[in-house]
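Start counting the sequence shown at 188; every next residue gets the next number (our numbering).
C-beta: ideal position from N, C-alpha, C; glycine also.
Here's the structure, in structure tokens; my notes come after.
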Amino acid sequence: MKILAVDTATDSCSVAITEDDALRAEMTAIPGQTHSRHLMQFIASVLDASALKLPDLDGFAVSIGPGSFTGVRIGISTIKGLAFSLDKPVVGISSLAALAWQCGWSLGLTCAMIDARKQQVYCGRYRFENDELKKEGGEHVLTPEAAVGDIDAPCLFVGTGAQMYQEKIGAILGERARFPLAGWHTLRASSVAFLSRSRFDSRQTDDIALLVPNYIRKSDAERNRASGI
188 MKILAVDTAT
198 DSCSVAITED
208 DALRAEMTAI
218 PGQTHSRHLM
228 QFIASVLDAS
238 ALKLPDLDGF
248 AVSIGPGSFT
258 GVRIGISTIK
268 GLAFSLDKPV
278 VGISSLAALA
288 WQCGWSLGLT
298 CAMIDARKQQ
308 VYCGRYRFEN
318 DELKKEGGEH
328 VLTPEAAVGD
338 IDAPCLFVGT
348 GAQMYQEKIG
358 AILGERARFP
368 LAGWHTLRAS
378 SVAFLSRSRF
388 DSRQTDDIAL
398 LVPNYIRKSD
408 AERNRASGI
């Protein structure tokens, strides 16, 4: 099965094509500009590198957040447009789960963290069981201290939030806090693709019309409207 996956949930923009259990092409960059300026170019590049055209694909996968409000919207709207026009199935994947999936080589608990600004992180805890990623609890937006305060066993922290608050997390947890090398903190679209595979295989795809971002936290505009500002 050929899957084109996109991640635009953080500062990085990533596009990948996988075929069954193999990666055919991937492009990941931190362009420092809105992802809308680069995403279609990245898609064209990985298609060209794979010697494929859009109709050759069997499905699409996209990270649905949490993360940058604007970035997540760009990725989802692009994939929804492609999937609808080509009548292909689509699967939405948590950006936190995709980060944890990248650390499948780690035993024990993994805590994925994405910088949420305002001195907070989006966070979720995961564990691999029989080569399958299992979520422990929900996904939250918390201060770094609240996100790690109840961890009483060794835990691997991954993502932009973990990278940003590594010193603080280490001070709280001591030797229980573990961190991968720097390159692992960047979310890759291939992780989104591989994580989506089981849902494609079991036909648990998303309704294109109902696929929406999972922001967890309301935007400033939504909070202002709710308070009458």
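Asked	Found
Go through the stretch 218-252 residue by residue and report every complete run of the alpha helix (DSSP H) that reaches 4 residues or more, in order.	226-237
Alpha carbons only, please: which of L286, D274 and L226 is nearest the one belonging to G252?	L286
Do you know offhand how far N411's Cα is from R260's?	With a pLDDT of 38 at N411, under the threshold of 50, the predicted position of this residue should be treated as unreliable, though the coordinate-derived value follows. Going by the C-alpha atoms only, they are around 20 Å apart.
Using the Cβ count rule (16 or more neighbours within 10 Å means buried), how would you classify K267?	buried
The beta strand (DSSP E) that contains L296, what's its start and end?	L296 to D302
Taking the beta carbon of Q289 as the centre, do at least 16 other beta carbons fall within 10 Å, making it buried, or is it exposed?	buried
Across which residues does DSSP place E332 in a beta bridge pair?	In DSSP, E332 forms no bridge with anything.
Distance, Cα to Cα, M188 vs I359?	44 Å
In whole angstroms, give me the CA-to-CA distance for N173 and V277.	A question about residue 173 goes unanswered here, because the residues of the chain that appear run from 188 up to 416.
Any idea what DSSP makes of I403, helix, strand or coil?	coil
Any idea what DSSP makes of L432, helix, strand or coil?	There is no way to answer for residue 432, as the model of the chain reaches only from 188 to 416.
For S232, which of Q220, F256 and A216 has the nearest alpha-carbon?	A216
Any chance you could list the alpha helix (DSSP H) runs of at least 4 consecutive residues sitting entirely within the stretch 299-380, in chain order?	331-335, 347-351 and 353-360
Check whether the Cβ atoms of S383 and A270 lie closer than 8 Å to each other.	no
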